[in-house]
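Here the structure is laid out as structure tokens; the discussion comes afterwards.
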Amino acid sequence: MKLFKILLSVLFSVLLTANAFAAEKWDMALAYGASNFHSANAAEFAKNVSEKSGGKLTIVTHPGGSLFKGGEIFRAVRTGQAQIGERFMSALGKEDPLLEIDSQPFLATSYDDAMKLYQASKPAIIKGLDQKGLVFLYAVPWPAQGLYSKKEINSVADLKGLKFRAYNSATIRMAELTGMAPTKIEAAEISQAFSTGAVESMITSPTTGKNSKIWENGVKYFYDIAAWFPKNMIVAHRGSWNKLDKATQKMIMEEAAVAEKKGWALSKKGNVADKKALADAGMKVGKVNAALESHFKKVGATMAEEWKKKAGDRGASVLAAYN
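The following block contains the structure:
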């Protein structure tokens with residue numbers, strides 16, 4: 001009888017230990033629509049993790065801001081309201097200036113440079129997120145940012161007073177330095193903002209313009225200035241992460257690396273295909289003239305100096321590693 005009780009106690013302990021790593025369900029908050037390449041890539045990542053976890057973890061995706069809006073996702077994951085989520089990194093400059101390094105104008109104007117900048121900044125960014133109780137999984141860039149406008153832009157004077165959609169502190173500051181009038185608007189609200197006349201221009205990727213069918217709202221011009229390659233990142237709540245066993249954590253990191261590689265490839269593909277889609281829809285796709293290009297680069301240089309002061313020694317170290 002005594003032996004039976006001991007065996008029962010051992011079995012109970014084993015069951016408790018197993019239960020500690022029992023099936024977990026994570027809700028993944030995504031700001032962009034299901035057809036967006038970021039969301040589609042995240043959905044595949046979630047599917048692969050769920051299938052390979054052996055029943056230990058199921059990740060359910062919620063695209064289009066259906067669980068939390070874009071501006072709410074970072075806080076939701078940090079507080080554990082969502083176990084995992086995607087956020088546009090440079091929108092979080094107030095959380096950590098390093099998160100907006102990829103939106104400094106003309107610092108990285110090619111995919112090779114964007115990757116180099118990412119590798120230079122990644123260790124410091126991961127450390128900063130860890131201090132906020134977050135686990136960094138992967139990051140994927142948008143295609144190169146271009147200038148959209150309802151009217152043709154041929155000079156610096158044409159920018160003055162232009163109602164401009166901003167999405168982070170970098171785009172707000174760029175608008176201020178060029179004389180445009182910025183209004184902060186999330187991606188899901190772009191079509192409405194242009195259709196109501198709240199804004200008449202923006203800097204964003206050809207993908208965002210294509211997905212929102214921006215030409216249907218009177219936007220006729222896309223200027224391919226390749227200003228920067230901003231990234232979306234996937235982060236997980238540290239408390240939720242710690243509930244997983246080591247093998248599952250390792251598998252997630254492996255799948256994150258796969259998703260990151262695929263995401264960069266999808267971005268490169270979209271950088272070409274989505275500009276073609278804009279042109280096919282009747283928009284005029286081209287470059288700005290030399291005077292405007294020079295003006296934008298001067299603005300970028302001013303912003304870079306301002307960012308260096310804000311980012312301090314951490315920013316200086318990253319830039320030194322990049323250069």
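Residue 45 in the numbering used here is what sits at position 45 of the sequence shown, and the numbering runs on without skipping anything. Backbone N, C-alpha and C define an ideal beta-carbon position, used for all residues, glycine too. This structure is a prediction, so every number in the text was calculated from the model and none was measured.
{"Query": "Taking just the CA atoms, how far does Tyr148 sit from Lys122?", "Result": "30 angstroms"}
{"Query": "Return the chain-ordered list of same chain residues with a C-beta closer than 7 angstroms to the C-beta of Lys129, the five sequence neighbours on each side being excluded.", "Result": "Residue identity differs from the one stated: residue 129 is Leu in this sequence, not Lys. For Leu129, where only same-chain residues beyond five positions count, the Cβ hits under 7 angstroms are Phe136 and Val235."}
{"Query": "Confirm, please, whether the CB-CB distance from Trp142 to Ser267 is below 8 angstroms.", "Result": "yes"}
{"Query": "When the Cα atoms are used, what is the spatial distance from Asn36 to Glu189?", "Result": "15 angstroms"}
{"Query": "For Gly71 and Glu186, I'd like the C-alpha separation in whole angstroms.", "Result": "8 angstroms"}
{"Query": "Within a Cβ cutoff of 6 angstroms, which residues of the same chain sit near Gly239, ignoring the five residues on either side of it in sequence?", "Result": "Gly80"}
{"Query": "Kindly indicate which residue of Pro97, Tyr223 and Ala29 has the alpha-carbon position closest to the one of Ala290.", "Result": "Tyr223"}
{"Query": "When burial is assigned at 16 or more other CB atoms within 10 Å of the CB, is Lys231 buried or exposed?", "Result": "buried"}
{"Query": "Indicate the three-state DSSP secondary structure (helix, strand or coil) for Val77 in the structure shown.", "Result": "helix"}
{"Query": "Once DSSP output is grouped into helix, strand and coil, what is the label at Met89?", "Result": "helix"}
{"Query": "Per the DSSP calculation, Asn289 is bridged to which residue(s)?", "Result": "Beta-bridge pairing links Asn289 to no other residue."}
{"Query": "Once DSSP output is grouped into helix, strand and coil, what is the label at Leu319?", "Result": "helix"}
{"Query": "Round the Cβ separation of Phe164 and Ala144 to the nearest angstrom and send it over; I've been treating them as touching at under 8 angstroms.", "Result": "No, Phe164 and Ala144 are not in contact; Cβ-Cβ is about 18 angstroms, not under 8 angstroms."}
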